[in-house]
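S.K.:
Residue numbers (the working numbering): 216 to 729.
1. Rounded to whole angstroms, what's the CA-CA distance from residue 264 to residue 376? Just pull it up for me.
2. Does the beta carbon of residue 679 sit closer than 9 Å to a beta carbon anywhere in chain B?
3. Using DSSP's beta-bridge definition, name the partner residues of residue 627.
4. So, using beta-carbon positions, are residue 588 and residue 633 closer together than 9 Å?
5. What does the alpha-carbon distance come out to for the pair residue 618 and residue 611?
6. If I measure Cβ to Cβ from residue 523 and keep anything under 7 Å in the same chain, skipping five residues before and after, which residues do I get?
7. Is the segment 521 to 536 close to the segment 444 to 451, with three or more CB pairs under 8 Å?
8. Who does residue 296 pair with in a DSSP beta bridge?
9. Got a sec? Which residues, its chain only, sit under 6 Å from residue 227 by beta carbon, not counting five neighbours each side?
10. Could you tell me whether the segment 593 to 600 touches the segment 645 to 652, where touching means 3 or more Cβ pairs closer than 8 Å?
11. If contacts are defined as beta-carbon pairs under 8 Å, then residue 217 and residue 242 qualify, I think. What distance do you get, rounded to the angstrom?
12. Might you give, ordered along the chain, the residues of its own chain that have their beta carbon closer than 6 Å to the beta carbon of residue 711, omitting 5 neighbours on each side?
13. Note down, one range per segment and in chain order, each alpha helix (DSSP H) of at least 4 residues found wholly within the segment 576 to 615.
14. Please name the residue in 416, 403 and 378 whose C-alpha comes closest to that of residue 364.
15. Going by the beta-carbon positions, is the gap between residue 427 and residue 410 smaller than 9 Å?
16. Going along the chain, which residues of its own chain have a beta-carbon closer than 8 Å to the beta-carbon of residue 369, five neighbours each way excluded?
17. Taking residue 642 as the reference, give the member of 697, 682, 699 and 704 with the closest Cα.
18. Per DSSP, which one or two residues make a beta bridge with residue 494?
19. So, with DSSP's three-state summary, where would you put residue 655?
20. Using DSSP with H/G/I as helix, E/B as strand and the rest coil, what is residue 545?
21. Would you mind working out which of 672, 386, 653 and 236 sits nearest residue 666, comparing C-alpha positions?
22. With a threshold of 16 other CB atoms inside 10 Å of the CB of residue 379, please say whether the residue is buried or exposed.
23. Need the endpoints of the alpha helix (DSSP H) that residue 690 sits in, please.
24. What do you get for residue 348, buried or exposed, if any count of 16 or more other CB atoms within 10 angstroms of its CB means buried?
25. What runs of the beta strand (DSSP E), each 3 residues or longer, lie entirely inside the segment 414 to 483?
26. Should residue 504 be labelled buried (16 or more other beta-carbon atoms within 10 Å of its own) or exposed?
27. So who's on the other strand from residue 701, going by DSSP bridges?
28. By the 10 Å Cβ neighbour count, where 16 or more other Cβ atoms means buried, how is residue 507 classified, buried or exposed?
29. Classify residue 541: buried if its beta carbon has 16 or more other beta carbons within 10 angstroms, exposed otherwise.
30. What is the C-beta distance between residue 685 and residue 671, in whole angstroms, given that I count them as a contact (C-beta under 8 Å)?
31. With 16 as the cutoff for other CB atoms within 10 Å, does residue 476 come out buried or exposed?
32. Following the continuous beta strand (DSSP E) through residue 224, name the residue where it begins and the one where it ends.
33. Compute the distance between the beta-carbons of residue 279 and residue 253, then report whether it is under 9 Å.
34. In whole angstroms, what separates the C-alpha of residue 470 from that of residue 431?
35. With DSSP run on the structure shown, which of helix, strand or coil describes residue 554?
36. Looking only at its own chain, which residues have a Cβ that is under 7 Å from the Cβ of residue 689, when we skip the five neighbours before and after it?
Next comes the structure, spelled out in structure tokens:
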């Protein structure tokens, strides 16, 4: 089956890039740079799928969609939109005349949507051929009408299932909708009961992820099903539809008071990979019909693609979260990095410009920035090696997260240098907290290394003072601590007041570029 795709609005280079994702044995690709050229193509060629930008020069994607579907009513449309297009696009989604995909478009995601449209086309053509065959049988009008109604119900159900992948639903909600759609196909099931199992690859075993109209006894004993066990496990093992018209010897999972019933258990397989099992309840003594198994095969293939799409989405989301974590965290210690410090400090800076709080909250006491440096850390690396040195850094970071509050932001600036931003504290409280941390490091026995100490320089965060100035002041206090015996906590303003160090003077016109 060759599917014809028309790309509209993208430049030739982008279209050529997309073309690489669609083999010529399965797809014919057309490109139209303007809406007018797209409509010319649609007048002279049969097109299955149109992929178009929402923003076009002569008309928007919505108007192009309307004119294009007037020319070819089976045309499926994928709109590529930006954030500001969403108000206009919502009416498109509401009337199911197009699918919306937000830019920038991930090529793999677009390919999945195109394949789903291709699957809808295949189902439509299959149903159309069946309807034509029924219409050609003279003298069986009533049977033809009956089959057409069944086909229409099936078509609606399959389309509704596919649309769950295009909507932003939680997995639990999506499973609920899937079971509702399947169990309400009017001509198929005597009982409106069913369950969906997903393969847990760590087992491997089947895990119940959703059910409809099942009592607690069933969900309790079927929460986890081993591969090969009972009817659902057999379907997973053989990857064949399992039918039973009653509770027999193969139905090994039982409980007292279980009512009589039959089953269809449908394996969900995509490209030879088992993804789950659909379990449907039948009235005892149900006699299977050929159309039922054909429908179940289609349902199984459709659900398998839906689960695979959901799995791919989850993997992509996990990868994005990992990248986001790596962007703002130190890879060794897991603490926030210097880039995240910039964002955190900017928020604190803005808060200090407007320190007013709600009427039922205590006044904001201020903030302090502390700079930590592990004493003689070079000696640790030279004596024990960098692996042991890294272990000291990891354990030091862990002690920081244990000592400071969740709202106190902790950072690694590099090497043996760490920073903490203490929120809503006075300098006196901050000094107590920092000394408590210093003492906890002093008393902790680091594996193989033994005792390690830390020197700390701190500074009050004043409204209007930039990060570079604060870091410089904290660094001067830290240098004083290290030069006067180490394993100490010193505040910059205290040292300045005592005449032990000079204050940091900065040019008022100097720009903070650090």
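We put the beta carbon where it would ideally sit given N, CA and C, even for glycine. For clarity, every value in this text was computed on a predicted model and none was experimentally measured.
M.R.: With the structure as the only source:
1. Distance between the alpha carbons of residue 264 and residue 376 is about 19 Å.
2. In summary, chain B is missing from the structure at hand, where a single protein chain is found.
3. In the DSSP output, where bridge partners are listed per residue, residue 627 has 633.
4. Cβ distance < 9 Å, so residue 588 and residue 633 count as in contact.
5. CA-to-CA, the gap between residue 618 and residue 611 works out to about 11 Å.
6. Counting only Cβ-Cβ distances below 7 Å, and skipping sequence neighbours, we find 485 and 490.
7. Under the 8 Å Cβ criterion, the segment 521 to 536 does not count as touching the segment 444 to 451, having fewer than three qualifying pairs.
8. Under DSSP, the beta-bridge partners assigned to residue 296 are 317.
9. Counting only Cβ-Cβ distances below 6 Å, and skipping sequence neighbours, we find nothing.
10. Contact fails: fewer than three Cβ-Cβ distances are below 8 Å.
11. Going by Cβ atoms, the distance from residue 217 to residue 242 rounds to 7 Å, so yes, they are a contact pair.
12. Once the five neighbours on either side are set aside, the close Cβ partners of residue 711 are 718.
13. The alpha helix (DSSP H) runs of length 4 or more contained entirely in the segment 576 to 615 are, from start to end of the chain, 592 to 599.
14. Comparing Cα-Cα distances from residue 364 to each of 416, 403 and 378, the minimum goes to 403.
15. Cβ atoms of residue 427 and residue 410: closer than 9 Å.
16. If we look at residue 369 and ignore the five residues flanking it on each side, its Cβ neighbours are 342, 400, 510 and 513.
17. For residue 642, the nearest C-alpha among the options comes from 704.
18. Paired residue(s): 410 and 480.
19. The three-state reading of DSSP puts residue 655 in helix, counting H, G and I together.
20. In the structure shown, the three-state DSSP call for residue 545 is coil.
21. In terms of Cα proximity to residue 666, the closest of 672, 386, 653 and 236 is 653.
22. Residue 379 should be labelled buried.
23. From DSSP, the alpha helix (DSSP H) with residue 690 extends over 682 to 698.
24. It counts as exposed.
25. 420 to 427, 439 to 441 and 457 to 459, all fully within the segment 414 to 483.
26. So residue 504 ends up on the exposed side.
27. Here residue 701 is not bridged, per DSSP, to any residue.
28. The residue is buried, with at least 16 neighbouring Cβ atoms inside 10 Å.
29. Under the 10 Å beta carbon count, residue 541 is surrounded by fewer than 16 other beta carbons and is classified as exposed.
30. The C-beta separation of residue 685 from residue 671 comes to about 14 Å, leaving the pair out of contact by the 8 Å criterion.
31. By the C-beta density criterion, residue 476 is buried, having at least 16 other C-beta atoms within 10 angstroms.
32. Residue 224 -> no beta strand (DSSP E), and no H or E assigned at all.
33. By the CB criterion at 9 Å, residue 279 and residue 253 fall inside the cutoff.
34. Answer to the nearest angstrom: the Cα atoms are 11 Å apart.
35. It is helical.
36. So the qualifying residues of the chain are 584, 585, 586, 672, 673, 674 and 707.
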